[in-house]
Amino acid sequence: MIEVSHLTKRFRERVAVDDLSFTVRKGEVIGFLGPNGAGKSTTLRILTGFLPATSGTATVAGFDVFEHPLEVKRRIGYLPENPPVYVDLTPRACLELVAGLKKLPRGGVRAEIERVAHLAGIEDVLDRVVGNLSKGYRQRVGLAQALLGDPEVLILDEPTVGLDPLQIREVRELVKGLASRHTVILSTHILPEVAMTCQKVLVLNGGRLVDFDTLDGLIAKHLPGRKVTLDDIAFLEEIYGKLVSPAGAMPAAAVASAAGDKPPPYRDLA
Amino acid sequence: MRSALALARKELQVYFTTPIAYVAFMVMAFFAAQFFTGSVDAYRTFVMRVSPYEAQGVLERLNLTDVVVSRLFGSVGVFIVISAPFLSMRLLADEKRARTFELLMTSPVRPFEIVAGKYLAALAVMAVSIGIVALFPALLSLFAKGAQGGSAVEWQTVATGLLGLFLLGAMCMAVGLFVSALTESVIVAALVSLIVLLALWVVTLFTVGAEGPLRDFASGMSASEHLMPFLQGRIELKDVVYYLSFVALGLWLTDRAVEGHRWA
Chain A
0 MIEVSHLTKR
10 FRERVAVDDL
20 SFTVRKGEVI
30 GFLGPNGAGK
40 STTLRILTGF
50 LPATSGTATV
60 AGFDVFEHPL
70 EVKRRIGYLP
80 ENPPVYVDLT
90 PRACLELVAG
100 LKKLPRGGVR
110 AEIERVAHLA
120 GIEDVLDRVV
130 GNLSKGYRQR
140 VGLAQALLGD
150 PEVLILDEPT
160 VGLDPLQIRE
170 VRELVKGLAS
180 RHTVILSTHI
190 LPEVAMTCQK
200 VLVLNGGRLV
210 DFDTLDGLIA
220 KHLPGRKVTL
230 DDIAFLEEIY
240 GKLVSPAGAM
250 PAAAVASAAG
260 DKPPPYRDLA
Chain B
0 MRSALALARK
10 ELQVYFTTPI
20 AYVAFMVMAF
30 FAAQFFTGSV
40 DAYRTFVMRV
50 SPYEAQGVLE
60 RLNLTDVVVS
70 RLFGSVGVFI
80 VISAPFLSMR
90 LLADEKRART
100 FELLMTSPVR
110 PFEIVAGKYL
120 AALAVMAVSI
130 GIVALFPALL
140 SLFAKGAQGG
150 SAVEWQTVAT
160 GLLGLFLLGA
170 MCMAVGLFVS
180 ALTESVIVAA
190 LVSLIVLLAL
200 WVVTLFTVGA
210 EGPLRDFASG
220 MSASEHLMPF
230 LQGRIELKDV
240 VYYLSFVALG
250 LWLTDRAVEG
260 HRWA
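Line by line, the protein sequences are chains A and B.
The first sequence lines up with residues 0 to 269 when you count with numbering that gives the first Met the number 0.
The second sequence lines up with residues 0 to 263 when you count with numbering that gives the first Met the number 0.
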């Protein structure tokens, strides 16, 4: 579904993405993981056609993102890092605009807006002004915009930022529900999120791919001999620490668990 | 086209939910009213001064449309030039600042559909603004009578005058839209387009002392010189071409500027 090969993006002197290659198959949910400035958002922006790559190619559903941007954009629902909502309008007006931009059939727009509003949990605020809504609601309006029109590929850049724990759980359930019919790329630095929603994890550091594997594969590779269940998500912090930190500098959580303390199941390394 | 209309609709919603359009309309209405009452007053004093000398010939050639309406339209031109930058400033600059530009650029629309949607909304607001000015000749025709008992205003001249003002407004909005595409700051967008448009409006002043080609060039570039024939009831091709070239150039450059984002 998504193929990225030797993708490089330079901003003047700075290399944001360095020779990145990976493939995502239809129906997979991929977690993009990496510290701030690792190139997650830049990669997603290239995939959605917002930024051009310096070199290398990316294709979505067989279409090159640079050569056939319209074909690609028609298939992608994208939630950028900053939810692109109009503070002077109501969520309903925002969704109507997006429906128009995506050229959804006129007759179905109302029902489609109700559907995504229900999925994102914003039915109650549809007719309030976005500027008066909290960060969490704005985030969910952005999510509803991405879901509008039921695109094949969903690219969500930190979809749970600003949400409260219950909403985070709802969004995770939503993403899991989308999994079978949609291809989802989800960027985050909240580790439990990856363990709970994604089948495969792609770890970026300094613009380079450091690992791309299933959760089980990561465990087998980096914590050989350890038995972990998905409830015990601290293992991911340990692997993450190994992958992105300079040798020896282990994150506190990893050190703690190495010392034998069982870390609390929800831990945020952001 | 569908997406351009959706964007135009959103843009109009923003214009009319924020104070910006209302403030522009108020400025227009206030100053047009001042100029209108001033011109009517001047006309009346003039007629009263001429009458005792039985100068029937002068009075018959005096025309309410030329003396009041065209003068009003001429003065309104400068307020179009001044208000347009404030109506066009946030069109694209604000999208970039608020990061909603990313939504437009990742939606399945061509850059020109974005530009067309924005421009349509801008034109609609400009049309309302000019519609306010059109109320004054209508007011005049309600209360004044022509010498031969006909209508006091020549509607043809009023219509060409309004057409001229609309073309001027269309040009100002196209220039403003392009400037707005170049920056993230609405203030910078407003100031730069104001400078450009004012310079085009008064360009003949820069060459007062000059003669020959330079002077011809200045009057050829002048937005105010090209408005004059419309106010006198004439539609001349060169004037229409002047305004439409600015519209076409502005829209094309905006399209390039938006498309350019995909490359850098």
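Here a beta-carbon is modelled for each residue, glycine too, at the ideal position from N, C-alpha and C.
Comparing alpha-carbon positions, the option among B:Ala189, B:Arg214, B:Glu210 lying closest to valine 201 (chain B) turns out to be B:Arg214. Residues Gly161 of the same chain have their beta carbon placed closer than 7 Å to that of lysine 134 (chain A), with the five preceding and five following residues left out of the count. The DSSP assignment places 154-181 as complete runs of the alpha helix (DSSP H) inside the stretch 120-190 of chain B, in order along the chain (cut-off: 4 residues). Around the beta carbon of lysine 25 (chain A), fewer than 16 other beta carbons sit within 10 angstroms, so the residue counts as exposed. If you draw a 10 Å sphere on the C-beta of serine 106 (chain B), you find 16 or more other C-beta atoms in it, and that means buried.
For histidine 5 (chain A), there is no enclosing alpha helix (DSSP H); the residue is found in the beta strand (DSSP E) stretching over 1-10.
The contact set of phenylalanine 49 (chain A) on chain B, defined by CB atoms closer than 7 Å, consists of Glu101, Met104, Thr105 in chain order.
Residues of chain A whose Cβ lies closer than 9 Å to the Cβ of alanine 123 (chain B) do not exist, since the nearest Cβ in that chain is about 16 Å away. Close CB contacts of aspartate 63 (chain A) within its chain, under the 7 Å cut and outside five residues either way in sequence, are with Thr56 (chain order).
Taking a Cβ-Cβ cut-off of 7 Å, the neighbours of proline 83 (chain A) in chain B comprise Arg98, Thr99, Glu101, Leu102, given in sequence order. Taken in chain order, the complete beta strand (DSSP E) segments of 3 or more residues contained in the stretch 63-106 of chain A are 75-78. Take valine 108 (chain B), set aside five residues on each side of it, and the residues of its chain with a beta-carbon closer than 7 Å to its own are Ser2, in chain order. Runs of the alpha helix (DSSP H) spanning 4 or more residues and lying entirely within the stretch 99-160 of chain A occur at 108-119, 134-146, in chain order. Of all residues in the stretch 5-19 of chain B, only Ala5, Leu6, Arg8, Lys9, Gln12, Val13, Thr16, Thr17 place a beta-carbon less than 9 Å from a beta-carbon of chain A.
Chain-ordered listing is empty here: chain B has no CB closer than 7 Å to the CB of leucine 153 (chain A), the nearest sitting near 12 Å. Collapsing the DSSP output to three states places serine 74 (chain B) in a helix. With the rule of 3 Cβ pairs closer than 8 Å, the stretch 21-29 of chain B counts as touching the stretch 68-82 of chain B. Where serine 38 (chain B) is concerned, the enclosing alpha helix (DSSP H) starts and stops at 19-49. Listed by position along chain A, the residues whose Cβ is nearer than 7 Å to that of serine 2 (chain B) are Gly99, Leu100, Lys102. Boundaries for lysine 25 (chain A): no alpha helix (DSSP H) harbours it, and the DSSP string shows neither H nor E there. Its chain contains Val202, Asn204, Val209, Asp210 as the residues whose beta carbon lies nearer than 7 Å to that of leucine 242 (chain A), once the 5 sequence neighbours on both sides are disregarded; these appear in chain order. Apart from the 5 residues on each side of it in sequence, arginine 44 (chain A) sits with its Cβ closer than 8 Å to the Cβ of Leu50, Pro79 in its chain, given in chain order. With the criterion set as a beta carbon lying under 9 Å from some beta carbon of chain B, the members of the stretch 45-72 of chain A are Thr47, Gly48, Phe49, Leu50, Pro51, Phe65, Pro68, Leu69, Glu70, Val71, Lys72, in sequence order.
Proline 79 (chain A) has a beta carbon lying within less than 8 Å of a beta carbon in chain B.
Chain B has no Cβ within less than 8 Å of the Cβ of valine 200 (chain A).
With respect to the 8 Å criterion, proline 82 (chain A) and glycine 148 (chain A) are not classified as neighbours on the basis of their beta carbons.
Within the stretch 168-249 of chain A, the complete alpha helix (DSSP H) segments at least 4 residues long are 190-196, 214-221, 233-243, listed from N- to C-terminus.
Taking CB atoms only, arginine 255 (chain B) has no neighbour in chain A less than 8 Å away. Counting C-beta atoms within 10 angstroms of its own C-beta, glutamate 237 (chain A) has 16 or more neighbours from the protein chains shown and is therefore classed as buried. Proximity of the stretch 62-76 of chain B to the stretch 134-146 of chain B meets the contact definition, three or more beta-carbon pairs being nearer than 8 Å.
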